[in-house]
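Each residue of the sequence shown is one higher than the one before, starting from 1 at the first, in UniProt numbering.
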Amino acid sequence: MSTLPLVTEADATPEQATALAAVKQALGSVPNLTRAMANSPALLHGYLGLAGSLDGGTLPRSTRERLAIAIAQSNTCSYCLSAHTYTGQRLAGLGAEQAAAARKGDADDPKVAAILAFAVAVNEQRGRIDESELAAVRHAGVSDAEIAEVLGHVALNVLTNYFNNVAGTEIDFPRVLA
């Protein structure tokens with residue numbers, strides 16, 4: 001059950017309508033996450049801004065989707081796990097095995113596996129990683145720029161995971177339970 005209402009175009013304030021229109025223009029549809037976030041247009045615009053900036057980064061979409069799957073599993077967010085399993089497979093070309101491995105923080109590519117392990121460690125340890133974890137991700141060939149970007153993606157996914165867990169956002173993707 002949703003604890004925050006889903007804002008529709010019919011009941012949106014002008015500011016909410018502008019935010020929802022921006023989502024539809026960017027994504028082609030308006031997922032329930034963004035309808036719930038539209039209760040605060042400031043939050044929705046902030047989320048879209050950070051997501052858009054990170055989408056223009058250096059990490060490939062398939063890596064970003066796997067990272068989102070790993071963090072959603074870590075934070076038991078079924079909404080985000082469902083959304084990113086769907087988009088990972090449909091838009092990033094992930095196979096079912098790759099999505100399943102990402103749920104465990106693993107990947108067939110050693111660099112991606114290191115990124116996922118690092119991201120999950122950052123999330124589960126609330127950013128208090130030790131030097132060996134940083135050394136391991138660097139040893140796998142992850143640059144400082146990529147490490148910084150991974151931290152941005154962890155923060156973005158924590159935002160959406162926590163938001164959906166609190167809001168009880170109705171899943172509007174094929175359901176995958178965390």
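Idealized CB from N, CA, C, for every residue including glycine. Computed from a predicted structure; not experimentally measured.
Taking 9 Å as the cut-off, the Cβ atoms of residue 137 and residue 70 do not count as close. DSSP places residue 144 inside the alpha helix (DSSP H), whose first and last residues are 144–167. The UniProt domain "Carboxymuconolactone decarboxylase-like" (41–119) is shown to contain whole alpha helix (DSSP H) runs of 4 or more residues at 41–55, 61–74, 78–91, 96–103, in chain order.
Around the CB of residue 162, fewer than 16 other CB atoms lie within 10 Å, so the residue is classed as exposed. When the alpha-carbon of residue 123 is set against those of 78, 170, 105, 2, the nearest one is in 105. Of the other Cβ atoms in all chains shown, 16 or more fall within 10 Å of the Cβ of residue 94; this residue is therefore buried. Non-local beta-carbon contacts of residue 160 in its own chain, meaning distances under 6 Å to residues more than five positions away in sequence, involve 80 in chain order.
Residue 36 places its beta carbon less than 9 Å from that of residue 4. Residue 140 sits in coil when the DSSP states are folded into three classes, being neither helix nor strand. The residues 64, 149, 152, 153, 156, in chain order, have a CB closer than 8 Å to that of residue 54 in the same chain once the five nearest residues on each side in sequence are set aside.
For residue 17, the uninterrupted alpha helix (DSSP H) segment begins and ends at 14–27.
For residue 35, the uninterrupted alpha helix (DSSP H) run begins and ends at 32–37, by DSSP.
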